[in-house]
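*Asks:* If you're matching positions, the sequence shown starts at 958 in the numbering used here and goes up one per residue.
All C-beta atoms in this analysis are idealised placements derived from N, C-alpha and C, irrespective of residue type, glycine included.
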Amino acid sequence: HGKSWKNGVGCVGEPEPITLKEAKKIEQTNKKWRLPSIDELASLVDLDCKNYPIDLTVFPDIKSSEGDSTYWSTTTYLSNEGTKEMPSLFYTIDFTQGIVDAHTQGIAYRVRWVRIKK
958 HGKSWKNGVG
968 CVGEPEPITL
978 KEAKKIEQTN
988 KKWRLPSIDE
998 LASLVDLDCK
1008 NYPIDLTVFP
1018 DIKSSEGDST
1028 YWSTTTYLSN
1038 EGTKEMPSLF
1048 YTIDFTQGIV
1058 DAHTQGIAYR
1068 VRWVRIKK
């Protein structure tokens, strides 16, 4: 999210952190892209890569600071719909360490959209 494709150049722009709630709203109106599952994001992790557990040749926009390398998934870790005391948690992945975690959907992280096949 925050980047766009430019012919002859590739992806341009900077990844923009957004909350999962914001991403879900965007997803509802977008016919070409969807939010990834945690399994899809985890499939990008390659622990054989040096320094980062993701191929920086393919994904050069991964930042080294914590939070800047954390991406949302749409996979629910703990569903507490309607409970204010304990909000629902959703899986995230940190691509600097390859660690899966879970957070409330109000925190701003990055989104790596998945193209919808037609």
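1. Name the DSSP bridge partner or partners of HIS1079?
2. Using 8 Å as the threshold, is the C-beta distance between SER1030 and ILE995 below it?
3. Is SER1026 buried or exposed, if buried means 16 or more other CB atoms sit within 10 Å of its CB?
4. Hey, quick one: how far does the alpha helix (DSSP H) through THR986 stretch, first residue to last?
5. Could you tell me the alpha carbon to alpha carbon distance between ARG1067 and PRO974, rounded to whole angstroms?
6. From GLU984 to HIS958, what distance separates their C-alpha atoms?
*Replies:* For this structure:
1. Since the first residue of the chain shown is 958 and the last is 1075, residue 1079 is not available in this structure.
2. The residue given as residue 1030 occupies position 73 in the sequence shown. The residue given as residue 995 occupies position 38 in the sequence shown. Yes, these two residues count as a Cβ contact at 8 Å.
3. Looking up residue 1026 in the sequence shown gives position 69. The residue is buried, with at least 16 neighbouring Cβ atoms inside 10 Å.
4. Counting from one through the sequence shown, the residue named residue 986 turns up at place 29. Run containing THR986: 977-986, per the alpha helix (DSSP H) assignment.
5. Residue mapping note: residue 1067 aligns to position 110 of the sequence shown, counting from 1. Residue mapping note: residue 974 aligns to position 17 of the sequence shown, counting from 1. Using only the alpha carbons, I get a separation of about 4 Å.
6. Taking the first residue of the sequence shown as position 1, residue 984 is located at position 27. Taking the first residue of the sequence shown as position 1, residue 958 is located at position 1. Near 11 Å, if we compare the C-alpha coordinates of HIS958 and GLU984.
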